Amino acid sequence: MPSSPQTSTIAILVRGAEGSPPFSDELFCRRLSLESHRYHLNIIVLPISADRDNPLPEKGYIYRNGRWKTAPFHGVQMLMDRCLLPLPRRWRQQLHELALSGSGHIRPYWSVSLPGKWKVHRALSREKQLSRLLVPTVLLQPHAPWEQWLKRWPKGLFFKPVSGTHGKETFRLTQENDSPTWVIEGRDQDNERYQRRFYTRHALSTWLESKISSRRMIMQPYLDLSHDGHPFDIRALVQKNKHGRWTLTGCMVREGAEGSLTSNLHGGGKAYPAHSYLIDRYGSMRANTILEGIHHAAALIPPLLEGQFGRLAELGLDFGADSTGRLWLLEVNSKPGRSSFAEAGDRHMQTLTYTQPLAYARYLLQQHVLTDVVRPMKMPNTSSTAGLKPIPIQGG
1 MPSSPQTSTI AILVRGAEGS PPFSDELFCR RLSLESHRYH LNIIVLPISA DRDNPLPEKG
61 YIYRNGRWKT APFHGVQMLM DRCLLPLPRR WRQQLHELAL SGSGHIRPYW SVSLPGKWKV
121 HRALSREKQL SRLLVPTVLL QPHAPWEQWL KRWPKGLFFK PVSGTHGKET FRLTQENDSP
181 TWVIEGRDQD NERYQRRFYT RHALSTWLES KISSRRMIMQ PYLDLSHDGH PFDIRALVQK
241 NKHGRWTLTG CMVREGAEGS LTSNLHGGGK AYPAHSYLID RYGSMRANTI LEGIHHAAAL
301 IPPLLEGQFG RLAELGLDFG ADSTGRLWLL EVNSKPGRSS FAEAGDRHMQ TLTYTQPLAY
361 ARYLLQQHVL TDVVRPMKMP NTSSTAGLKP IPIQGG
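Take the sequence shown: its position 210, counting from 1, is numbered 210 in full-length UniProt numbering, and each next residue is one higher.
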């Protein structure tokens, strides 16, 4: 009779926050903790401070008997990085030293983190089968020719940070009826909506320059991706399973508040099952075509990005569909949220969003394949498009 796998410990790195417990992503960490015993795993959560001058904490948090308790941070076999900002090199080195690393050269990460939106866009642009899905994208430089772009795309221009999340610090630029009046509508760093008007080119150029100088940004044409005045997108979650193969866990629609620029749930949006929502918007035939396009893209994107950036464990693929039903790939996220699956009410799909990460972690520990997570590679049974298990469209 084969022996049971040895219990291993995974540390989840999350952003530190005020409150009890003092970290973000609490529901994700709690759900993984509750399910972890089924995969012979222990979970410890390590809050990471936004202040890069602070030292790494010596203690983490474990979930026991319905509450979070502090515990020493040691004896860790794997690191799951859920921090939305990149970790400083010295912290990564400290974490590597704290984790059990065998011969000393193992990098014990569950998944690599994708770089910013611009590098991901360039990597995807190399795949001809994805070219029609990609939104024209420009990396902003000082003195950007925004007037020329606005003439080319008169419906407006959409700006977003290369490394932004949750729709924060995004904004749209439009011109009022060819008059010398320009309107900026956006969300600030606290995700609050704002609007500004400019009556001279100089005033607008100065404001745009201040935005570009403070952080790297990309620009795209503004696409009308709305339904009854509500912006919406389609989140497809692809994850590695217990065999190390990519699977499409499911699709959900995220719908923003009326008049909002983005559909992020953090900005007040709601979630719905994709299939019924798209039928209501486009009819059955067009809805099925859209979902088939998502399934096809979901089979191409993970192995392509793994070949460029290293081993991945899950991806959130965000798609938009315009008034004609044309599909657009808006964004790819290697640290996706899963609240849309919880809100939309599909319990089976929601459960998979939490159990697949644990199943894949157990697979990695059993296969001893942690050594080259940050190297571009193609691992056996993990990067083949044939390994992507489709789900029925009705389940989307």
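All C-beta atoms, glycine included, are put in the ideal place defined by N, C-alpha and C.
This structure is a prediction, so every number in the text was calculated from the model and none was measured.
Report yes if the C-beta distance between residue i and residue j is below 8 Å; otherwise report no.
{"i": "Thr174", "j": "Gly186", "result": "no"}
{"i": "Gln93", "j": "Ser8", "result": "no"}
{"i": "Pro115", "j": "Phe309", "result": "yes"}
{"i": "Leu139", "j": "Ile218", "result": "yes"}
{"i": "Leu315", "j": "Ser334", "result": "yes"}
{"i": "Pro88", "j": "Ser113", "result": "no"}
{"i": "Gln356", "j": "Lys240", "result": "yes"}
{"i": "Leu124", "j": "Ile301", "result": "yes"}
{"i": "Tyr354", "j": "Leu95", "result": "no"}
{"i": "Pro161", "j": "Arg216", "result": "yes"}
{"i": "Ala236", "j": "Leu248", "result": "yes"}
{"i": "Leu208", "j": "Trp153", "result": "no"}
{"i": "Arg362", "j": "Tyr39", "result": "yes"}
{"i": "His227", "j": "Arg281", "result": "yes"}
{"i": "Ala313", "j": "Tyr360", "result": "yes"}
Considering Cα atoms alone, identify which of the options is closest to residue i.
{"i": "Ser36", "options": "Leu358, His348 and Trp153", "result": "Leu358"}
{"i": "Val45", "options": "Phe341, Val14, Arg67 and Phe232", "result": "Val14"}
{"i": "Ala297", "options": "Arg38, Pro88, Ser20 and Val238", "result": "Val238"}
{"i": "His166", "options": "Leu84, Pro22, Asp346 and Thr249", "result": "Leu84"}
{"i": "Pro21", "options": "Trp149, Trp146 and Ile48", "result": "Ile48"}
{"i": "Asp190", "options": "Gly164, Phe198, Glu209 and Ala342", "result": "Gly164"}
{"i": "Ala271", "options": "Lys240, Asp25, Pro231 and Ser284", "result": "Pro231"}
{"i": "Arg245", "options": "Ala299, Arg193 and Gln148", "result": "Ala299"}
{"i": "His74", "options": "Leu157, Glu97 and Arg326", "result": "Glu97"}
{"i": "His143", "options": "His202, Arg172, Pro180 and Lys160", "result": "His202"}
{"i": "Pro72", "options": "Asp81, Arg82 and Glu58", "result": "Glu58"}
{"i": "Pro55", "options": "Arg90, Ser323 and Thr353", "result": "Arg90"}
{"i": "Thr351", "options": "Asn288, Gly250, Arg281 and Ser284", "result": "Gly250"}
{"i": "Pro273", "options": "Leu204, Arg30 and Met349", "result": "Met349"}
{"i": "residue 400", "options": "Tyr61, Arg326 and Thr137", "result": "No statement about residue 400 is possible, as the shown extent of the chain runs from 1 to 396 and does not include it."}
{"i": "Val183", "options": "Leu150, Glu192, Thr324 and Lys168", "result": "Leu150"}
{"i": "Pro108", "options": "Lys119, Trp146, Arg126 and Asp81", "result": "Asp81"}
{"i": "Gly66", "options": "His40, Arg38 and Glu26", "result": "Glu26"}
{"i": "Tyr194", "options": "Lys168, Ser214 and Asp178", "result": "Lys168"}
{"i": "Thr200", "options": "Glu192, Ser179, Ser210 and Tyr360", "result": "Ser179"}
{"i": "Leu327", "options": "Ser131, Gly307 and Ser284", "result": "Ser131"}
{"i": "Leu223", "options": "Glu343, Tyr63 and Leu133", "result": "Leu133"}
{"i": "Gly19", "options": "Asp53, Phe28, Trp68 and Arg64", "result": "Trp68"}
{"i": "residue 475", "options": "Lys242, Glu343 and His275", "result": "The requested residue 475 does not occur in the structure, where the chain is confined to residues 1 to 396."}
{"i": "Thr181", "options": "Phe158, Ser205 and Glu192", "result": "Ser205"}
{"i": "Glu176", "options": "Phe159, Phe198 and Leu364", "result": "Phe198"}
{"i": "His243", "options": "Thr70, Arg126 and Leu365", "result": "Leu365"}
Would you mind giving the Cβ-Cβ distance between residue i and residue j, rounded to the nearest angstrom? I have them listed as a contact below 8 Å.
{"i": "Trp317", "j": "Leu305", "result": "Note on identity: in this sequence residue 317 is Leu, with Trp being the wrong assignment. About 10 Å; that fails the 8 Å criterion."}
{"i": "Pro221", "j": "Val135", "result": "7 Å"}
{"i": "Leu79", "j": "Ala11", "result": "5 Å"}
{"i": "Gly229", "j": "Glu258", "result": "5 Å"}
{"i": "Arg311", "j": "Ser111", "result": "6 Å"}
{"i": "Ile234", "j": "Val253", "result": "6 Å"}
For a test of the three-state rule: what should DSSP assign to residue i, helix, strand or coil?
{"i": "Asp280", "result": "helix"}
{"i": "Lys69", "result": "strand"}
{"i": "residue 399", "result": "This structure leaves residue 399 out entirely; the chain is present only between 1 and 396."}
{"i": "Cys251", "result": "strand"}
{"i": "Ala123", "result": "helix"}
{"i": "Arg38", "result": "helix"}
{"i": "Ser8", "result": "strand"}
{"i": "His230", "result": "strand"}
{"i": "Ala298", "result": "helix"}
{"i": "Trp328", "result": "strand"}
{"i": "Gln356", "result": "helix"}
{"i": "Gly75", "result": "coil"}
{"i": "Arg15", "result": "strand"}
{"i": "Asp372", "result": "Caution applies to Asp372, whose pLDDT of 48 falls short of 50 and renders its modelled position unreliable; the value that the coordinates give is listed next. Asp372 falls in the coil class under three-state DSSP."}
{"i": "Gly186", "result": "strand"}
{"i": "Arg82", "result": "coil"}
{"i": "Gly102", "result": "Reliability fails at Gly102, whose pLDDT of 44 lies under 50, so the model's placement of it is uncertain and the value that follows must be treated cautiously. Note: Gly102 maps to coil in three-state DSSP."}
{"i": "Trp146", "result": "helix"}
{"i": "Glu58", "result": "coil"}
{"i": "Ser20", "result": "coil"}
{"i": "Gly316", "result": "strand"}
{"i": "Asn241", "result": "coil"}
{"i": "Trp91", "result": "helix"}
{"i": "Trp110", "result": "coil"}
{"i": "Pro273", "result": "strand"}
{"i": "Leu46", "result": "strand"}
{"i": "Ala236", "result": "strand"}
{"i": "residue 408", "result": "One cannot answer for residue 408 here, as it falls past the ends of the chain, which runs 1 to 396."}
{"i": "Ala321", "result": "strand"}
Should residue i be counted as a contact of the ligand MG given a C-beta to heavy atom distance under 7 Å?
{"i": "Ile10", "result": "Looking for the ligand MG in the displayed structure turns up nothing, as the structure carries no ligands at all."}
Ranges of the alpha helix (DSSP H) found wholly within the region 170-216, counting only runs of at least 4:
Secondary structure in the region 170-216: the alpha helix (DSSP H) runs of 4 residues or longer, each lying completely within the stretch, are 201-214 in chain order.
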